[in-house]
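Number of protein chains: 4
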Amino acid sequence: MSYARQMLSTLQRNNSVSADALVAAIDALSDCSQACSADTSADLREQDLAEMVTCIRLCLDCTDICDATLAILSRMTEPDREVTRPLLESCIAICDSCGAECERHAKMHEHCRVCGEACRRCERACKELLTAIK
Amino acid sequence: MSYARQMLSTLQRNNSVSADALVAAIDALSDCSQACSADTSADLREQDLAEMVTCIRLCLDCTDICDATLAILSRMTEPDREVTRPLLESCIAICDSCGAECERHAKMHEHCRVCGEACRRCERACKELLTAIK
Amino acid sequence: MSYARQMLSTLQRNNSVSADALVAAIDALSDCSQACSADTSADLREQDLAEMVTCIRLCLDCTDICDATLAILSRMTEPDREVTRPLLESCIAICDSCGAECERHAKMHEHCRVCGEACRRCERACKELLTAIK
Amino acid sequence: MSYARQMLSTLQRNNSVSADALVAAIDALSDCSQACSADTSADLREQDLAEMVTCIRLCLDCTDICDATLAILSRMTEPDREVTRPLLESCIAICDSCGAECERHAKMHEHCRVCGEACRRCERACKELLTAIK
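Chains A, B, C and D, in that order, give the protein sequences. In terms of my numbering, the first sequence opens at residue 1 and continues consecutively. In terms of my numbering, the second sequence opens at residue 135 and continues consecutively. In terms of my numbering, the third sequence opens at residue 269 and continues consecutively. In terms of my numbering, the fourth sequence opens at residue 403 and continues consecutively.
Pasting the structure below:
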């Protein structure tokens with residue numbers, strides 16, 4: 001059981017958002033942020049470095065937006081829709097862009113394949129949470 | 135001259151966003167993040183601690199969202215509108231909420247007055263940048 | 269298998285640090301950062317709020333130092349000992365302080381018990397990595 | 403007057419660390435983090451990209467360690483020496499490495515010259531604070 005799940009189970013929550021959607025998003029954001037950090041670094045080692053610049057840029061932005069969204073969600077408060085909705089939308093947009101770019105390199109670079117998968121899982125988890133808090 | 139301005143002046147930018155709006159947002163986000171960190175800590179020292187809980191929560195969220203927005207803007211790339219627009223909207227919403235809460239405590243606590251001012255300046259700078267990149 | 273493990277397995281590493289120690293530290297840092305964010309927020313809901321101030325402060329610092337250490341380690345480069353050693357030492361110190369404070373509240377607050385456990389696990393994983401890179 | 407200075411002046415501090423050394427470090431850390439983010443991005447635009455990889459890696463690590471140190475110091479609490487000392491040592495080490503690498507590129511790339519200056523100023527400010535809290 002993840003720590004996010006354990007922490008959530010200790011709270012007397014009176015929260016409109018399902019615990020499952022929240023924990024899934026927290027876990028996926030954490031994985032995506034780490035995968036993007038590792039992929040940035042792996043891209044910088046590649047021979048075809050000039051081809052990897054867009055991937056590096058998108059991974060850097062994706063890490064920063066996932067980290068902020070992760071921090072907000074980890075506090076597990078009743079979401080302020082005016083803040084959380086656009087933040088999730090921004091996160092979904094960068095995970096989509098970054099995931100698509102990683103997929104372009106997936107056959108050449110296994111690290112991009114794994115990172116692309118983390119981005120897509122994060123995109124889906126944020127979409128499901130966005131639906132849940134609307 | 136701030137480092138944001140100096141760094142920007144070294145780039146051959148072919149960027150649709152005005153340098154002034156970008157530098158103003160970077161400086162205001164950096165100030166707001168720091169003011170909110172300091173205010174969180176100052177709130178935790180107050181006698182009327184139970185009254186300060188909402189202020190602490192909003193300052194924590196405001197720091198995280200300002201930090202992510204600051205990181206994205208500091209890279210000074212041509213903005214991806216699908217990502218940057220909702221991120222700025224989220225930042226504007228939290229600066230508005232956090233600024234309003236700080237203003238409620240401004241007469242009692244000078245640190246809240248200063249923090250509220252930093253939030254309002256950040257809110258304005260992000261609104262102007264949002265208009266500029268639309 | 270965690271994404272940290274998957275990403276690491278895609279790299280042709282010529283790195284003196286064992287993959288097991290690195291992955292264990294990455295996973296423990298990520299869990300500890302999230303547990304501290306959640307615990308900060310849970311502390312702010314408690315009736316005995318004045319008793320929780322030290323716990324809140326330590327959790328805030330612990331999150332920030334774990335996040336930086338996590339970012340550095342997630343890049344999975346050959347460690348620069350001059351940078352990584354004191355960073356791990358700082359992380360071990362804050363995990364120890366924060367873990368001890370959480371344990372003080374563990375009987376009263378289940379969220380502190382879970383967070384204290386995450387801090388102790390992170391402290392151990394960072395100590396093992398520090399030994400491995402010395 | 404910077405917000406760090408304004409916030410500090412609102413606190414009844416009974417703190418052994420001089421306000422000047424603290425504010426100087428906060429301002430220098432904030433500038434250095436932003437300069438490194440901007441320099442990472444500017445490096446990625448250069449023709450001699452393969453030459454810039456070490457600079458990019460050091461700037462990424464420097465941003466993360468400066469951000470954590472900035473967050474801890476912005477809370478303006480009495481420092482816990484066991485945590486703050488090694489954190490400052492780590493920050494001094496990465497600012498030194500990153501500053502030296504930026505200086506190597508300073509004649510070719512003005513953005514590296516400006517970033518190297520921000521790193522050196524941050525290194526000095528952290529050294530002075532480290533002396534002050536010993």
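All residues carry an ideal CB built from backbone N, CA and C; glycine is no exception.
CB contact check: residue i to chain B, cutoff 9 Å
i: isoleucine 324/C; result: yes
i: aspartate 61/A; result: yes
i: leucine 317/C; result: yes
i: glutamate 103/A; result: no
i: aspartate 20/A; result: no
i: aspartate 64/A; result: yes
i: glutamate 454/D; result: The amino acid occupying residue 454/D in the given sequence is methionine; glutamate does not appear at that position. So, not an interface residue.
i: glutamate 512/D; result: yes
Min CB distance residue i to chain A below 9 Å
i: serine 435/D; result: no
i: alanine 306/C; result: yes
i: serine 365/C; result: no
i: alanine 272/C; result: yes
i: alanine 374/C; result: no
9 Å Cβ cutoff, residue i in contact with chain D
i: serine 164/B; result: yes
i: threonine 345/C; result: yes
i: valine 248/B; result: yes
i: glutamate 257/B; result: no
i: leucine 204/B; result: yes
i: serine 41/A; result: yes
i: isoleucine 201/B; result: The question names isoleucine, but residue 201/B in the sequence shown is aspartate. Chain D, which has a Cβ nearer than 9 Å to the Cβ of aspartate 201/B, makes this yes.
i: glutamate 357/C; result: yes
i: isoleucine 226/B; result: no
i: alanine 158/B; result: no
i: valine 17/A; result: no
Test item: CB-CB of residue i and residue j under 9 Å
i: serine 309/C; j: arginine 191/B; result: yes
i: glutamate 101/A; j: arginine 113/A; result: no
i: alanine 118/A; j: tyrosine 271/C; result: yes
i: leucine 87/A; j: serine 224/B; result: yes
i: aspartate 463/D; j: histidine 513/D; result: no
i: alanine 93/A; j: alanine 21/A; result: no
i: cysteine 468/D; j: cysteine 524/D; result: yes
i: leucine 145/B; j: methionine 242/B; result: no
CB contact check: residue i to chain C, cutoff 9 Å
i: glutamate 484/D; result: yes
i: arginine 45/A; result: yes
i: threonine 131/A; result: no
i: arginine 522/D; result: no
Proximity test, residue i beta-carbon vs the ligand NAP heavy atom, cut-off 8 Å
i: lysine 261/B; result: The ligand NAP is not part of this structure, which contains no ligands at all.
Open item on the list: Whether or not the region 347-355 of chain C and the region 493-502 of chain D are in contact is what I'm after, with contact meaning three or more pairs of Cβ atoms, one per stretch, closer than 8 Å; do they touch?
Closed with: yes
Task: Segment contact flag, the region 334-349 of chain C with the region 290-308 of chain C, C-beta cutoff 8 Å, min 3 pairs - done: yes
Open item on the list: So, does the region 437-453 of chain D touch the region 43-55 of chain A, judging by three or more C-beta pairs under 8 Å?
Closed with: yes
Open item on the list: Is it the case that the region 258-266 of chain B contacts the region 154-162 of chain B, given that we only count it when at least three CB pairs across the two stretches are under 8 Å?
Closed with: yes
Open item on the list: As an exercise, report each continuous alpha helix (DSSP H) stretch of at least 4 residues that is fully enclosed by the region 327-374 of chain C, in chain order.
Closed with: 349-372
Task: Within the region 139-177 of chain B, ranges of the alpha helix (DSSP H) (whole runs, at least 4 residues) - done: 153-177
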